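Trainee:
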Amino acid sequence: MALTEKELSAIEDQLSSEKLLIAKCKEYAQQCTDPELKQKCNAIAGKHQTHYEKLLSFLN
Numbered sequence: 012m013a014l015t016e017k018e019l020s021a022i023e024d025q026l027s028s029e030k031l032l033i034a035k036c037k038e039y040a041q042q043c044t045d046p047e048l049k050q051k052c053n054a055i056a057g058k059h060q061t062h063y064e065k066l067l068s069f070l071n
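Residue numbers for the sequence shown follow this note's numbering, beginning at 12 and rising by one.
(1) Tell me the residue span of the alpha helix (DSSP H) that contains A21.
(2) From what residue to what residue does the alpha helix (DSSP H) around N53 run?
(3) Assuming L70 contacts I22 under a Cβ cut-off of 8 Å, what Cβ separation, rounded to an integer in Å, is found between them?
(4) Under 8 Å between the Cβ atoms of I55 and C36?
(5) Please look up how many angstroms separate the CB atoms of H62 and E29, rounded, as I've assumed it's under 8 Å.
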C-alpha cells in the first residue's frame with residue numbers, strides 16, 4: 012500500500028525531529044560528568060536512533 016502525500020510529509024517531519032533528538036542527546040551525553048546520567052543520555056539517543064531507522068524503513 013502506497014503512502015499518501017500527507018503521510019509522507021508527517022514521516023519526513025518526524026525523521027527531522029528524531030535526528031535532532033539524537034544529536035541533542037549525544038551532545039548532552041558528551042557534556043555529562045555523571046557516568047549514570049551520561050549512560051542514560053546515550054541510551055535515549057539509541058532509542059531515538061531506533062525510531063529514526065524504523066521511520067526510514069517506511070520510505071524504502
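Glycine is no exception: its CB is placed at the ideal position from the N, C-alpha and C atoms.
These numbers come from a predicted model, not from an experiment.
Mentor: So, from the listed chains and residues:
(1) 16-42
(2) 46-70
(3) 6 Å
(4) yes
(5) 5 Å
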